[in-house]
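In order, the protein sequences belong to chains A and B.
The opening residue of the first sequence carries number 1 in full-length UniProt numbering; numbering runs sequentially from there.
The opening residue of the second sequence carries number 1 in full-length UniProt numbering; numbering runs sequentially from there.
Using N, Cα and C, we set each Cβ at its ideal position, and we do this for glycine too.
The block underneath contains the structure these notes are about, expressed in structure tokens.
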Amino acid sequence: MPTVSVKRDLLFRALGRTYTDEEFDELCFEFGLELDEITSEKEIISKEQGNEKAHGASDVVLYKIDVPANRYDLLCLEGLVRGLQVFKERIKTPMYKRVMPKGEIQKLIITEETAKIRPYAVAAVLRNIKFTKDRYDSFIELQEKLHQNICRKRALVAIGTHDLDTLSGPFTYTAKKPSDIKFKPLNKSKEYTACELMNIYKTDNQLKHYLHIIENKPLYPVIYDSKGVVLSMPPIINGNHSKITVNTKNVFIECTGTDFTKAKIVLDVIVTTFSEYCENQFTVEAAEVVFPNGKLHTFPELAYRKEMVRADLINKKVGIRETPENLAKLLTRMCLKSEVIGDGNQIEVEIPPTRADIIHACDIIEDAAIAYGYNNIQMTLPKTYTIANQFPLNKLTELLRQDMAAAGFTEALTFALCSQEDIADKLGMDISATKAVHISNPKTAEFQVARTTLLPGLLKTLAANRKMPLPLKLFEISDIVIKDSSRDVGARNYRHLCAVYYNKNPGFEIIHGLLDRIMQLLDVPPGEKKGGYAIKASEEQFHVCTHPLPKSPPSSAPSVSSSSSCLDHCNKNTGSPFSGPVFFPGRCAEIFARGQSIGKLGVLHPDVITKFELTMPCSCVEINIEPFL
Amino acid sequence: MADGPVAEVLLRRLEAADGGLDSAELATELGVEHQTVVGAVKSLQALGQIIETELRSTKRWELTAEGEEIAQEGSHEARVFRSIPPEGLPQSELMRLPSGKVGFSKAMSNKWIRVDKSAADGPRVFRVVDSVEDEVQRRLQLVRGGQAEKLGEKERSELRKRKLLTEAGSWRDRPFKPYNFSAHGVLPDSGHLHPLLKVRSQFRQIFLEMGFTEMPTDNYIESSFWNFDALFQPQQHPARDQHDTFFLRDPAQAQQLPMDYVHRVKRTHSQGGYGSQGYKYTWKLDEARKNLLRTHTTAASARALYRLAQKKPFTPAKYFSIDRVFRNETLDATHLAEFHQIEGVVADHGLTLGHLMGVLREFFTKLGITQLRFKPAYNPYTEPSMEIFSYHQGLKKWVEVGNSGIFRPEMLLPMGLPENVSVIAWGLSLERPTMIKYGINNIRELVGHKVNLQMVYDSPLCRLDAERGPPSTQEAA
């Protein structure tokens with residue numbers, strides 16, 4: 001959510017009255033804004049850089065206001081004031097008009113070289129504008145807010161504003177080799193080539209974030225006037241020549257980008273917001289843009305759109321009973337000029353160019369609800385009659401966790417993301433054998449993969465709690481993720497149960513007993529016959545089977561001894577070797593239940609213990625509980 | 001060192017003694033309480049390898065009042081025997097003697113006497129033998145003489161059963177050290193449930209009480225399509241940035257998407273439709289195929305609603321889920337890369353914003369939160385949208401506890417849901433209310449392997465609507 005910082009006193013002057021902080025906070029809440037912080041420049045500097053640096057900084061009170069991410073029209077003081085004043089019915093929403101210049105219209109010609117890098121451009125002129133220091137600052141700040149939000153950090157749209165009186169049209173928007181672009185950029189005293197600039201800006205805290213947008217392109221976008229003066233090299237920097245100041249009278253605005261719709265919205269927002277400072281208030285001088293195909297477009301669009309909404313629909317969606325007239329009044333307070341027409345149930349709503357966020361009737365309905373006041377809406381219970389069901393896997397999990405705790409084990413809650421090392425190297429496995437899903441953009445090694453086993457998380461939990469009295473008995477019932485090409489996304493979760501016993505002695509019998517208890521809870525009898533469970537010596541790597549074994553032919557009764565081990569199956573599939581054992585030799589068994597391998601139990605190998613920074617013996621069991629659904 | 005004199009004497013004596021000392025004997029010898037000697041032994045033991053001890057128990061026996069009488073006067077049966085003259089005695093007369101009743105039956109079973117029931121004046125008792133050995137008296141006299149160990153275990157227990165003998169020094173004669181009731185008891189060895197998951201159970205319970213069906217959420221990996229596009233979240237939305245979302249390298253792309261539906265979604269994004277202007281941009285299938293770790297459980301809600309839309313005719317539904325979501329965010333004391341999201345969804349004909357608020361009021365009342373108010377907000381996939389605030393008694397201000405709204409038609413209609421069906425939804429995080437409930441400031445102490453197990457052991461039951469003091473689950477979100 002973007003935050004707009006405005007001077008409190010300036011805001012109150014513009015609103016024509018003062019508020020206490022509480023009153024203003026209340027107003028914001030009602031309108032859907034949030035008074036996030038009350039501060040001052042001095043306070044901000046002092047907080048960030050210490051009291052000394054703050055010495056001499058302004059202590060003018062600042063309101064930091066959170067604005068909804070789709071309300072580009074509220075991103076500066078002017079926009080906020082306009083929105084709130086109309087909301088409070090102190091002013092009427094202005095009508096913005098595009099006017100033709102007295103003289104020749106400003107022209108921006110797009111050449112076809114831009115097609116591959118930044119194909120769109122729009123432009124407009126604010127004629128006879130009167131800046132003050134505060135207005136000028138707000139103008140610059142609005143561009144910055146737009147750049148950060150709708151413009152997606154200048155990737156989609158970049159804005160250039162210029163002192164028109166220093167330039168002479170028509171303008172050309174083209175793309176050139178970086179070495180062929182040479183100009184004096186904003187706030188520099190000499191000329192540089194584009195290549196040089198890209199180097200210089202690598203260390204510029206603000207501009208370095210935008211370089212990637214064009215850095216590796218053969219051609220860079222650039223705008224010239226008819227005399228070859230560079231207006232800007234979007235989306236990086238403007239030229240110094242046409243720089244605007246507090247004294248600038250006529251502003252030429254160009255927006256270039258890769259998203260035509262957004263470029264038009266951005267231009268509309270800037271010109272509507274600042275046209276109130278023009279000699280002819282709320283008028284914007286048109287500019288013509290010639291596209292490479294020769295087509296001519298006039299900007300800004302400043303399109304007003306009419307939408308028809310039925311009053312009963314608004315009432316029905318919000319849950320209120322207002323007359324169509326009242327609803328029209330409510331909408332008008334949201335800068336949506338509305339009137340009742342037709343059969344008296346139709347409301348004609350005019351969507352101004354400032355409200356690009358209104359794209360559906362539901363957006364209009366929301367505005368009616370906001371103006372009505374969310375907290376004035378009568379709360380009622382829907383009559384929806386339904387019977388609740390638990391998700392069977394979660395139901396089983398809930399039941400099992402209770403009894404795992406009753407069996408004396410404590411529940412852990414570990415991360416689903418971890419490093420490759422955790423699930424592979426530390427368990428003596430090759431990462432390719434894990435069938436883990438890999439994350440492409442982890443910020444640290446902790447988020448390289450999704451876990452394929454719960455064991456590392458529990459071992460790390462033990463390591464972080466070594467100071468606790470022994471024995472430590474932990475369990476977790478949660479999901480692991482395995483690649484599975486049969487699923488739409490190519491991966492799936494399995495619900496695992498894992499438990500560890502950590503003490504001065506390995507305690508295999510404890511873990512074995514826990515397995516017996518789990519099987520008792522799941523009503524699985526001991527024994528190898530159909531439906532029962534058994535454990536079989538295994539010397540293989542740690543791996544919990546996550547797929548049903550190939551079905552035995554119906555003639556031969558499925559039994560543990562006849563079914564092939566899960567690992568045979570998996571290793572055959574991945575063909576991967578493993579580099580070392582997880583379990584102590586001779587202290588590992590594979591668990592078979594209901595005719596399939598469901599997991600392993602055993603005493604961990606001392607190497608594994610060491611790799612997880614543990615010092616005592618540890619035994620563990622991990623099974624897939626999904627076969628018991 | 002404590003217990004100075006006795007411990008010192010004890011050590012001296014031990015040095016001199018061969019084969020150890022008997023603590024009871026030593027106590028008698030020193031003229032101190034046995035407990036004093038035991039105390040000295042314990043404190044010496046505590047020092048480590050100084051003395052060796054062995055627990056021996058001895059039992060002493062003494063006579064009860066009745067036993068004492070018998071040792072003196074002879075057993076009841078002997079007394080009965082003696083009171084019978086050679087010519088016999090009427091049974092009725094015998095029974096009136098002090099030892100009559102008990103003595104008669106014992107003497108009979110010993111075959112010392114007999115009864116002649118055919119005697120003229122009623123049953124008459126005669127001696128059978130000339131003389132008897134009063135074994136009971138003899139044994140009791142042995143005990144009285146301090147030679148109880150000469151009796152067998154069986155003989156002693158027989159005397160005990162007859163209440164003639166009792167274990168000496170029984171609790172009645174002993175002084176007892178008073179209990180320190182301000183000390184703690186010994187906690188039972190037990191397993192514990194994790195506090196966050198205890199809270200999860202309660203939230204599940206609340207949803208179930210309210211008739212909500214649990215959605216499947218056991219798929220951490222999701223396609224961008226279900227996570228974003230299906231929710232009418234445009235492809236340039238900042239949430240779809242590498243900085244906010246974990247994308248997958250392998251498997252990088254979702255291979256199967258419901259293509260009919262995908263085309264409707266594409267059209268809605270790029271051109272509009274269903275009464276919408278759309279976002280007017282070039283929608284790319286490749287972007288929708290990108291796999292990621294789901295950033296919200298709303299992806300699962302979208303799948304559930306899509307399934308619901310395929311069922312004809314439409315049947316109203318109430319759904320919930322509580323599960324993990326993932327964000328590629330900067331981590332701090334209250335933010336992790338993964339957290340749990342709680343989500344509730346109601347789909348029915350003609351649902352209103354007032355209904356949403358009504359459901360939320362009931363839901364939060366069950367959490368013990370009663371003062372609510374709603375702030376207009378923006379969500380890409382809900383319109384209208386409302387942030388839920390509750391008044392926090394402790395902080396004396398309104399704090400955000402959740403987010404809610406009505407799903408946009410641009411999300412629902414491409415799925416195939418009927419036009420007059422509205423879907424209301426809300427969500428909150430599980431971690432935040434849990435941290436407040438259990439007073440945890442650093443999320444790493446709660447979630448993940450750095451958990452403080454002591455905290456897990458010590459955490460109380462989760463009763464959301466029965467808070468002590470001001471409701472504190474209020475700072476959710």
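State the Cα-Cα distance for the pair B:LYS366 and A:CYS76, rounded to the nearest angstrom. Indexing the second sequence from 1 puts residue 366 of chain B at position 366. Indexing the first sequence from 1 puts residue 76 of chain A at position 76. If you take the alpha carbons of B:LYS366 and A:CYS76, they lie about 41 Å apart.
On the premise that B:TYR274 lies in contact with A:ASN70, defined as a C-beta separation below 8 Å, what is that separation, rounded to the nearest angstrom? Taking the first sequence and counting its residues from 1, one reaches residue 70 of chain A at position 70. Taking the second sequence and counting its residues from 1, one reaches residue 274 of chain B at position 274. A:ASN70 to B:TYR274, Cβ: 19 Å. No contact.
Residues bridged to B:GLY273 [DSSP beta-bridge criterion]: Within the second sequence, residue 273 of chain B is the residue found at index 273, counting from 1. B:SER276.
Taking just the CA atoms, how far does A:TYR173 sit from residue 652 of chain A? Given that chain A is displayed from residue 1 to residue 629, the structure contains no residue 652 of chain A and the question cannot be resolved.
Do the CB positions of A:LEU604 and A:VAL621 come within less than 9 Å of each other? Within the first sequence, the letter at position 604 stands for residue 604 of chain A. Within the first sequence, the letter at position 621 stands for residue 621 of chain A. The beta carbons of A:LEU604 and A:VAL621 sit no closer together than 9 Å.
What are the residues of the stretch 388-410 of chain A that lie near chain B, defined by any Cβ-Cβ distance shorter than 7 Å? Residues passing the 7 Å Cβ filter: ALA388, ASN389, GLN390, PHE391, LEU393, ASN394, GLU398, ARG401, MET404, ALA405, ALA406, ALA407, GLY408, PHE409 and THR410.
For A:ALA424 and B:PRO251, the rounded distance between their alpha carbons: Numbered from 1 along the second sequence, position 251 holds the residue referred to as residue 251 of chain B. Numbered from 1 along the first sequence, position 424 holds the residue referred to as residue 424 of chain A. Going from the Cα of B:PRO251 to the Cα of A:ALA424 covers about 18 Å.
Ranges of the beta strand (DSSP E) found wholly within the stretch 181-265 of chain B, counting only runs of at least 3: You should have 221-223 and 248-250.
Of all the CB atoms in chain A, is at least one closer than 9 Å to the CB of residue 498 of chain B? The displayed coordinates of chain B run from 1 to 477. Any statement about residue 498 of chain B would go beyond what the structure contains.
For B:ASP121, which of helix, strand or coil comes out of DSSP? By 1-based counting over the second sequence, the position of residue 121 of chain B is 121. Here B:ASP121 carries a coil assignment [DSSP, helix/strand/coil].
By how many angstroms is the C-alpha of B:GLU25 removed from the C-alpha of B:LYS106? Walking along the second sequence from the start, residue 106 of chain B turns up at place 106. Walking along the second sequence from the start, residue 25 of chain B turns up at place 25. Rounded to the nearest angstrom, the two C-alpha atoms are 40 Å apart.
DSSP three-state label for B:TRP61, please. As a working note, residue 61 of chain B is residue 61 in the second sequence. Assignment of B:TRP61 by DSSP, reduced to helix, strand and coil, places it in the strand class.
I want to verify the contact list: residues of chain A whose CB lies under 9 Å from the CB of B:MET215, in sequence order. To locate residue 215 of chain B, count along the second sequence from 1; it is residue 215. Chain A residues near B:MET215: PHE391.
Under 9 Å Cβ-Cβ, which residues of chain B neighbour residue 635 of chain A? The requested residue 635 of chain A is not part of the displayed model; chain A covers only 1 to 629.
If we ignore side chains and look at the alpha-carbon of each, how far apart do B:HIS34 and B:THR28 end up? As a position in the second sequence, residue 34 of chain B is number 34, starting the count at 1. As a position in the second sequence, residue 28 of chain B is number 28, starting the count at 1. Rounded to whole angstroms, B:HIS34 to B:THR28 spans 8 Å at the Cα level.
Within 8 Å of chain A by C-beta, residues of the stretch 252-263 of chain B in sequence order: From the stretch 252-263 of chain B, only ALA252, GLN253, ALA254, GLN255, GLN256 and LEU257 have a Cβ closer than 8 Å to chain A.
Look up B:SER390 in the DSSP assignment and say whether it is helix, strand or coil. As a working mapping, residue 390 of chain B is identified with position 390 in the second sequence. In the structure shown, B:SER390 sits in a strand (DSSP, three-state: E or B).
Tell me whether A:ALA557 is buried or exposed, calling it buried when 16 or more other Cβ atoms sit within 10 Å of its Cβ. As a first step, residue 557 of chain A must be located in the first sequence, where it is residue number 557. Unreliable placement is indicated for A:ALA557, whose pLDDT of 39 sits below 50; no coordinate value is reported for it.
When the Cα atoms are used, what is the spatial distance from A:LEU10 to A:ASP21? Locating residue 10 of chain A in the first sequence gives position 10, counting from the first residue. Locating residue 21 of chain A in the first sequence gives position 21, counting from the first residue. Between A:LEU10 and A:ASP21, the C-alpha separation is close to 14 Å.
Using CA atoms only, rank isn't needed, just tell me which of A:GLY169, A:VAL86 and A:ASN240 is closest to A:GLU190. If you number the first sequence from 1, residue 190 of chain A lands on position 190. First, the residue type needs correcting, since residue 190 of chain A is Lys and not Glu in the sequence shown. Of the listed residues, the one whose Cα sits closest to A:LYS190 is A:ASN240.
Would you list, in sequence order, the uninterrupted alpha helix (DSSP H) runs of no fewer than 4 residues that lie entirely inside the stretch 190-243 of chain A? Within the stretch 190-243 of chain A, the complete alpha helix (DSSP H) runs of at least 4 residues are 194-200.
Kindly identify the DSSP beta-bridge partner or partners of B:PHE339. Within the second sequence, numbered from 1, the residue matching residue 339 of chain B stands at position 339. In the DSSP assignment, B:PHE339 is bridged to B:VAL325.
Do the stretch 117-128 of chain A and the stretch 273-280 of chain A meet, that is, are 3 or more Cβ pairs less than 8 Å apart? With a cut-off of 8 Å, the stretch 273-280 of chain A and the stretch 117-128 of chain A count as touching, because enough Cβ pairs lie within range.
Taking the straight line between their C-alpha atoms, what separation do you get for B:VAL401 and B:MET357? Working through the second sequence from its first residue, we reach residue 401 of chain B at position 401. Working through the second sequence from its first residue, we reach residue 357 of chain B at position 357. When only Cα atoms are considered, B:VAL401 and B:MET357 end up about 13 Å apart.
Tell me the residue span of the alpha helix (DSSP H) that contains A:ASN51. As a first step, residue 51 of chain A must be located in the first sequence, where it is residue number 51. In the DSSP assignment, A:ASN51 falls within the unbroken alpha helix (DSSP H) covering 51-54.
Would you list the residues sitting across from A:MET308 in a DSSP beta bridge? As a first step, residue 308 of chain A is located in the first sequence; it is residue number 308 there, counting from the start. DSSP, once it has assigned bridges, lists A:GLU348 as partnering A:MET308.
Is it the case that the Cβ atoms of A:ILE623 and A:ILE480 are separated by a distance below 9 Å? By one-based count along the first sequence, residue 623 of chain A stands at place 623. By one-based count along the first sequence, residue 480 of chain A stands at place 480. Contact: no.
Roughly how many whole angstroms lie between the Cα atoms of A:ALA328 and A:ARG310? Mapped onto the first sequence, residue 328 of chain A falls at position 328. Mapped onto the first sequence, residue 310 of chain A falls at position 310. In this structure, the CA atom of A:ALA328 is about 11 Å from the CA atom of A:ARG310.
Starting from the Cα of A:PRO185, find the closest Cα among A:TYR210, A:ILE237 and A:ILE200 and give me that residue. One-based indexing of the first sequence puts residue 185 of chain A at position 185. It is A:ILE237 whose Cα lies nearest to the Cα of A:PRO185.
Quick one: grab the DSSP three-state call for A:THR434. Along the first sequence, one-based indexing puts residue 434 of chain A at 434. Note: A:THR434 maps to helix in three-state DSSP.
Interface positions of the stretch 384-396 of chain B facing chain A (Cβ-Cβ less than 9 Å), listed along the chain: Answer set for the stretch 384-396 of chain B: PRO384, SER385, MET386, GLU387 and PHE389.
Cα separation between A:ILE535 and A:GLU509? Counting from one through the first sequence, the residue named residue 535 of chain A turns up at place 535. Counting from one through the first sequence, the residue named residue 509 of chain A turns up at place 509. Those two C-alpha atoms are separated by around 13 Å.
Can you give me the Cβ contacts of A:LEU459 inside the same chain, cut-off strictly under 6 Å, excluding the 5 residues immediately before and after it? The residue given as residue 459 of chain A occupies position 459 in the first sequence. Result list for A:LEU459: PHE612, in chain order.
For B:ASP238 and chain A, any beta-carbon pair shorter than 9 Å? Translated into the one-based positions of the second sequence, residue 238 of chain B becomes position 238. For clarity, residue 238 of chain B is Pro in the given sequence; the question names Asp instead. Closer than 9 Å to some Cβ of chain A, the Cβ of B:PRO238 qualifies, so yes.
Beta-carbon contacts of B:PRO418 that lie in its chain and below 7 Å, excluding the five residues immediately before and after: Residue 418 of chain B sits at position 418 when you count from the first residue of the second sequence. Closer than 7 Å at the Cβ level, and outside the excluded window around B:PRO418, lie PHE314.
Restricting to runs no shorter than 3 residues, where is the beta strand (DSSP E) found entirely within the stretch 498-540 of chain A? As far as the stretch 498-540 of chain A is concerned, its whole beta strand (DSSP E) runs of at least 3 residues are 533-537.
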